[in-house]
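Here's the structure we're looking at; comments come further down.
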Amino acid sequence: MASAVDVVLFSLFSFMGNCGVALTGFGMAIIYLFFWQIAVLAGYESDFKYAVFIQSLSLLFAQPLLIYKAQIKKHASLKLLLYFIPITIISTVLGQYTSSLISTYAVELIAGFLVMFVAVFEVFQRREMFFDWTRLLLRKVTCGKCFAEGKENKKEATYDQGKKIDADEQNDAAQENEDVEKGEADDNAESETTKEQETQEGDNKEPSALEKTDNVEDQKQQEGDSNEEDKDMTEPFKFSTIFFTLFAGFASGYLGGLCGIRGPPLILYFLHLPYPIVLDKKQQRATGAAITVTNVSVRVIYYIVNTLAFDKDAYFEAQDWGLYLSLAIFSLLGVFVGAKLFDLLSDKKDTMKGILTIFLVLCGASLLIKSFANL
529 MASAVDVVLF
539 SLFSFMGNCG
549 VALTGFGMAI
559 IYLFFWQIAV
569 LAGYESDFKY
579 AVFIQSLSLL
589 FAQPLLIYKA
599 QIKKHASLKL
609 LLYFIPITII
619 STVLGQYTSS
629 LISTYAVELI
639 AGFLVMFVAV
649 FEVFQRREMF
659 FDWTRLLLRK
669 VTCGKCFAEG
679 KENKKEATYD
689 QGKKIDADEQ
699 NDAAQENEDV
709 EKGEADDNAE
719 SETTKEQETQ
729 EGDNKEPSAL
739 EKTDNVEDQK
749 QQEGDSNEED
759 KDMTEPFKFS
769 TIFFTLFAGF
779 ASGYLGGLCG
789 IRGPPLILYF
799 LHLPYPIVLD
809 KKQQRATGAA
819 ITVTNVSVRV
829 IYYIVNTLAF
839 DKDAYFEAQD
849 WGLYLSLAIF
859 SLLGVFVGAK
869 LFDLLSDKKD
879 TMKGILTIFL
889 VLCGASLLIK
899 SFANL
């Protein structure tokens, strides 16, 4: 039976994980297991396979709100799902079966190596961005620059004061000249104003025709770009595109069934979409959510079948109804908060991907440390 500590911690892990999946479309297990690893390293005793079981339940509880927020029917790519869903169902069952045959530490080790490999690859791909973040952090931490800026500001203030005095003296001298020239300027102003009005009236006639022509050309260009994107998605997929899509679906489903971490293959796939696939952020999130629904549903069905038919890895217990209720509440709350963050960070694609890469590094490192420590 789950203790009060189990209920509190797993509810927190579920909240953080589902917040992440609502924000990105994938990555729930990575964030969930990252916080689970922190608790384990701090002394909390928990089995990895049981943690994966709880993760599948919390993700399943969040699906109704997740589907509603992602608007799968409106934004998901049906063409991609025709490849992803069947291969995900098959590979998830194979992953679940493999997990039941090997030890818990072996599953953790596989997950750790997988996550770390993807993390290192993504860090390398985004090294310039991380260098910029590091430089910015060092500038804020280093106090030397603050003192240097203070001295420069004092010098600039002294210089500005001297410059102001000189400017005042020049203004006094210039004021006398302005009074003399003012009369001549007033006489010339009327003639110049008349010329400018005549020039403007002539200019306002011809540009109107030119502007219309430019607007028509811009509209045609925009329509051409839009039609080109639509054409890309409607053209038949090449063999390489189909292979990459099926491979990502198989790897994601298998790893989801094996250790609950189905995100890395999808992360790579959506970050480097094969031609001619083009997805905006809403389409990416909705498609990822549809794949998530398929994977987690198959996983939970597998647990139920094992519990009822074979009594193997029977993690379901009637006494833990309080845990399941708490998971449902905090999972839905996590999706709600993640959806709000998604709206706030709509223009922060690179930042979101950078943060997700950091989670990959931390999760992979913690899994590897714990696995090697128990060998």
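Sequential numbering from 529 applies to the sequence shown in the numbering used here. Glycine is no exception: its CB is placed at the ideal position from the N, C-alpha and C atoms.
Three-state class that DSSP yields for residue i in the structure shown
i	result
Phe659	helix
Pro735	Caution is warranted here: a pLDDT of 48 is assigned to Pro735, below 50, making its placement in the model unreliable, and no coordinate value can be reported.
Phe912	Because residue 912 is not part of the residues shown, which for the chain are 529 to 903, the question remains open.
Lys809	helix
Ala530	coil
Pro614	helix
Leu884	helix
Ser574	coil
Lys597	helix
Tyr843	coil
Glu763	coil
Pro482	Nothing in the structure corresponds to residue 482, since the chain is present only between 529 and 903.
Pro793	helix
Ala604	coil
Tyr803	coil
Leu896	helix
Gly816	helix
Cα-Cα separation, residue i to residue j
i	j	result
Thr741	Val863	At Thr741, the pLDDT of 49 sits below 50, so the modelled position is not reliable; the number obtained from the coordinates is stated separately. Roughly 48 Å between the two C-alpha positions.
Pro614	Gln812	19 Å
Pro792	Val646	6 Å
Arg654	Ile886	11 Å
Ala867	Tyr578	28 Å
Gln624	Arg663	44 Å
Phe765	Ser628	36 Å
Glu739	Thr879	With a pLDDT of only 48 at Glu739, under the threshold of 50, the placement of this residue in the model should not be trusted; the figure read from the coordinates follows. Approximately 39 Å, taken between the alpha carbons.
Ile600	Leu593	11 Å
Lys602	Ile795	22 Å
Leu873	Leu561	24 Å
Phe900	Ile558	19 Å
Tyr782	Phe641	15 Å
Ser531	Trp849	12 Å
Thr773	Gly784	16 Å
Glu656	Gly882	11 Å
Ile630	Val533	28 Å
Lys607	Arg667	48 Å
Tyr633	Pro804	40 Å
Glu845	Met529	7 Å
His800	Ser584	27 Å
Val535	Val549	21 Å
Phe659	Tyr572	35 Å
Val833	Phe563	29 Å
Asp847	Val635	According to the sequence provided, residue 847 is Gln. The question's Asp does not apply to it. Taking the straight line from one Cα to the other gives about 27 Å.
CB-CB length for residue i against residue j, believed under 8 Å
i	j	result
Val669	Val889	Their Cβ separation, rounded to whole angstroms, is 21 Å, which puts Val669 and Val889 out of contact at 8 Å.
Pro802	Thr769	4 Å
Ala598	Ala776	About 19 Å; that fails the 8 Å criterion.
Leu587	Met556	5 Å
Ser894	Leu637	Actually they are not in contact, since the Cβ atoms of Ser894 and Leu637 sit about 12 Å apart, beyond 8 Å.
Ala639	Cys547	With 8 Å as the limit, Ala639 and Cys547 do not qualify as a contact, their Cβ atoms being about 21 Å apart.
Residue closest to residue i, alpha-carbon to alpha-carbon, out of the options
i	options	result
Phe589	Val828, Val648 and Gln565	Val828
Gln591	Ala814, Val533 and Val648	Ala814
Asp808	Val535, Ala604 and Tyr572	Ala604
Leu551	Ala846, Ala779 and Ile595	Ile595
Arg790	Val643, Phe576, Leu585 and Phe771	Val643
Phe798	Gly788, Ser780, Leu786 and Cys787	Ser780
Tyr852	Gln565, Gly548, Ile582 and Cys547	Ile582
Asp575	Tyr843, Leu884 and Asp871	Tyr843
Gln626	Leu896, Ile897, Trp661 and Tyr830	Here residue 626 turns out to be Thr, not Gln, going by the sequence shown. The shortest C-alpha separation from Thr626 is found at Tyr830.
Gly892	Gln565, Phe659, Val535 and Met529	Gln565
Phe778	Tyr611, Asp660 and Lys810	Tyr611
Lys810	Ala567, Phe870, Ser854 and Glu763	Phe870
Val806	Val826, Glu763 and Val635	Glu763
| request: Check whether the region 815 to 831 touches the region 614 to 625, taking contact to mean three or more Cβ pairs, one atom from each stretch, closer than 8 Å. | output: Judged by Cβ distances under 8 Å, the region 815 to 831 makes contact with the region 614 to 625, as three or more pairs qualify.
| query | Does the region 539 to 548 come within contact of the region 847 to 863, defined as at least 3 CB pairs closer than 8 Å? | reply | Yes, the region 539 to 548 touches the region 847 to 863.
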